[in-house]
Structures are given as C-alpha cells and as structure tokens.
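Here is the structure we will look at, set down as structure tokens.
Residue numbers (this note's numbering): -11 to 135.
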C-alpha cells in the first residue's frame, strides 16, 4: 500500500463522482462541520439547506471547506479537500436562474433535500422555513489516496 497525492483533474473527477461530504466553516470559537449532499459542476459545489447555524456562520465568514472521502477494500481510501468561498443563491429575480440550475443538478440525486429539510424545533408546519441554495466556489482542491 502506498500513499499518493491526487492531481487536480483526479480530484475534480472524484468530486463529480460523489454526492456526500462534510462542510466546514468558521465558528465563533471552534470550526463547525456538518454532513452535506452536493452537486458538482465545473468549479463549484451546489448545496441545499434550511436556515441554521451553518448558514449564519457562512454568511458571517465566507471561507469554507468541503471534504469528500471513499473507503475501499483492503484499507484503500481516497480523500479530497475543497477550499473555497460561500455564495448564497438568494431568492431574488437576479439569482433566479442560478437557483433553478442548482435545484436541477441536486434533484437528480435521491433524497437530495435531506438532511437540509429537517429543521430542529420547527415553529409551525404551516409556515415552512425558506429553502436556501448556495454554492462553494472552488479556489483550491487537493487529495490523497492509499492504493
């Protein structure tokens, strides 16, 4: 078994072939990390969420990381790290087409709205929380693998 660096194109192909990872953002005192489902498109990851702490933190500090991993047989694995910037696709006429595009990419995945649709302590079923679509613009990508 050997530890190897993954090239940029291998990292991007890996991201394109997966849909789940972990999003990390800057918390007030500690980093904050949560599981996510995403859709990859050249230079960007699209993610759906409901309002909550991660959105509050990302709005306050736009740098973010996404880590995606895969474990294979015989202790092999791959891990890719994306470093980038949060960009909320606000529900405005100017961003409407981008929101629809993000939705069209995400909806190809089964259960793409989970876990984003599970709001803790929801106030009322009659007034659902607004849907939030956002992108992470990829500024750096790196990866390692054991083969």
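Even for Gly, the Cβ is constructed at its ideal location relative to N, Cα and C.
Alpha carbon of residue i to alpha carbon of residue j, nearest angstrom
i	j	result
residue 85	residue -11	46 Å
residue 106	residue 122	Model confidence at residue 106 stands at a pLDDT of 46, short of 50, so the residue's coordinates are unreliable; what they give is reported in the following sentence. Between residue 106 and residue 122, the C-alpha separation is close to 17 Å.
residue 127	residue 31	8 Å
residue 136	residue 73	The requested residue 136 is not part of the displayed model; the chain covers only -11 to 135.
residue 65	residue 35	24 Å
Neighbour flag for residue i against chain E, beta carbons, 9 Å
i	result
residue 119	Annotation note: the requested chain E is absent from the structure, which comprises a single protein chain.
Three-state secondary structure assigned by DSSP to residue i
i	result
residue 98	coil
residue -2	helix
residue 44	helix
residue 75	strand
residue 37	strand
Beta-bridge partners of residue i, as assigned by DSSP
i	result
residue 13	20, 52
residue 133	-8, 66
Burial state of residue i (16 or more Cβ within 10 Å)
i	result
residue 59	exposed
residue 18	exposed
residue 63	exposed
residue -3	exposed
Own chain, CB closer than 8 Å to residue i, minus 5 neighbours either side, in chain order
i	result
residue 20	12, 13, 14, 41, 42, 45
Residue i beta carbon near the ligand FMN (any heavy atom closer than 8 Å)
i	result
residue -7	The ligand FMN is absent from the structure shown, which contains no ligand whatsoever.
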